[in-house]
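Chemist:
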Amino acid sequence: MSEFLSPGEARCEYSLRRNDLAKENEIERVLRERGIATIEMPLSADDFKRFSEGMAICLDECPEQLAETFFKADSRYGGEAGYTRKEKKIDERTGLQKADPKSYFHFTEAARGCWREQFKNGPKVLRDFLEDGYEIQDALMGLAKETIGELENAHPNISKLYFPDGNSYSFLRLLRYDGYEAHSVKSEVAKPHYDISGLTIQAYADAPGFWAAKDGVNGRRKHYDTAEHEAYTFMGKGHEKVYGKIDDIKPLWHGVDRIIPAGVTWVPERTAVILFVDAPNVDYHLNQHDTLPQLVGAKTLALV
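Counted the way my numbering counts, the sequence shown spans residues 365 to 668.
#1: Which residue spans inside the stretch 392 to 437 form an unbroken beta strand (DSSP E) run of at least 3?
#2: From the DSSP output, in three-state form, read off residue 368 for me.
#3: Let's test the definition: count the other Cβ atoms within 10 Å of the Cβ of residue 597 and tell me whether it reaches 16, buried, or not, exposed.
#4: Secondary structure at residue 461, three-state DSSP: helix, strand or coil?
#5: Are residue 638 and residue 566 close, meaning C-beta to C-beta below 7 Å?
#6: For residue 658, does the three-state DSSP call read helix, strand or coil?
#7: Could you check how far apart the C-beta atoms of residue 563 and residue 519 are, in whole angstroms? I think they sit under 8 Å.
#8: Could you tell me which of 545, 530, 569, 536 sits nearest to residue 496, measuring between CA atoms?
#9: Give every residue of the same chain whose Cβ lies closer than 6 Å to the Cβ of residue 593, excluding the five residues on either side of it in the sequence, and list them in chain order.
#10: I'd like to know whether the C-beta atoms of residue 613 and residue 396 end up nearer to each other than 7 Å.
#11: Alpha carbon to alpha carbon, what distance is there between residue 507 and residue 558?
#12: Using a Cβ-Cβ cutoff of less than 6 Å, which residues in the same chain neighbour residue 475 once the five nearest sequence positions on both sides are dropped?
#13: Use the C-beta contact count for residue 645: other C-beta atoms within 10 angstroms, 16 or more gives buried, fewer gives exposed.
#14: How is residue 606 classed by DSSP in three states: helix, strand or coil?
#15: Three-state secondary structure (DSSP) at residue 318?
#16: Look at the alpha carbon of residue 461 and the alpha carbon of residue 391, and state the distance between them as a whole number of angstroms.
#17: Going by CA-CA distance only, name the one from 467, 433, 528, 368 that's closest to residue 481.
#18: In the DSSP assignment, what are the bridge partners of residue 471?
#19: Contact between the stretch 481 to 493 and the stretch 516 to 534: three or more CB pairs below 8 Å?
#20: Should residue 647 and residue 440 be called a contact, given that it needs their Cβ atoms to be closer than 7 Å?
#21: Which word fits residue 600, buried or exposed, when buried means at least 16 other C-beta atoms lie within 10 angstroms of its C-beta?
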């Protein structure tokens, strides 16, 4: 017997439904119509820059200890926390890029106490970086609770789904994409995908290129640049798995284009900070086919 609820069990356990008679508020309307909404960001760009620089310092001064932060939260898909390095990879069968060259770090509630104990005598730069991450995660979780609370009227008990008994299950991702020579790379920074999450907050990016397509894989792409004290929020595949056809707020198809200014020969590292909010007691039963449907289609054609 699984320790987690299935999407169907979660609908019953929390009496989840769509209240079509409820008065629609602004964020509900925008998410339904556009798939993505702008929300106020309490943190500054400098807060995120210091956070990113903290990981760069750790990579330079204590890379071995940083690598020891890897933590598996639980058995669910996408449940890894800590530091990960990924090199660019190409799917040999399809020719599609599977992974972008980057370093990233995931903060999650389950790892917090473990890391504090594990590194209590560790390098100060690492302990400072972890504490900065906890502070940013807490601030963004406050924003996530407000955002989900705004959906409560039309989605009764949605707050119980994502924050049962005050608990939470989230992943704060700090991404540092590699710098590169402008003429050497033609691919996207982040390939098109759906998020695993229930709710995503695209909190910060220090370079343009983020785009979203409300109507999915074949939808029209629109670019969204991150402005000071603003962020974007949207739903992931996890929300769709739980609510199914009863909700008309759909997961957002999105990615990051590589935008290179004219005359530039070297493009520096790109930093992004994203919060993924999930239901603590639910296994969405997702896999790569759900979040990267283009790979499935390519594999099918290759076998014909």
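Using N, Cα and C, we set each Cβ at its ideal position, and we do this for glycine too.
Modeler: Based on what the coordinates show:
#1: 401 to 404
#2: coil
#3: buried
#4: At residue 461, the pLDDT of 47 sits below 50, so the modelled position is not reliable and the matter cannot be decided from this model.
#5: yes
#6: helix
#7: At roughly 11 Å, the Cβ-Cβ gap does not stay under 8 Å, so residue 563 and residue 519 are not in contact.
#8: 536
#9: 405
#10: yes
#11: 21 Å
#12: 435, 445
#13: buried
#14: helix
#15: The structure shown does not extend to residue 318, since the chain is modelled only from 365 through 668, so no value can be given for it.
#16: Confidence at residue 461 is low in this model, with a pLDDT of 47, below 50, so the placement of that residue is unreliable and no value is reported for it.
#17: 433
#18: 536
#19: no
#20: yes
#21: buried
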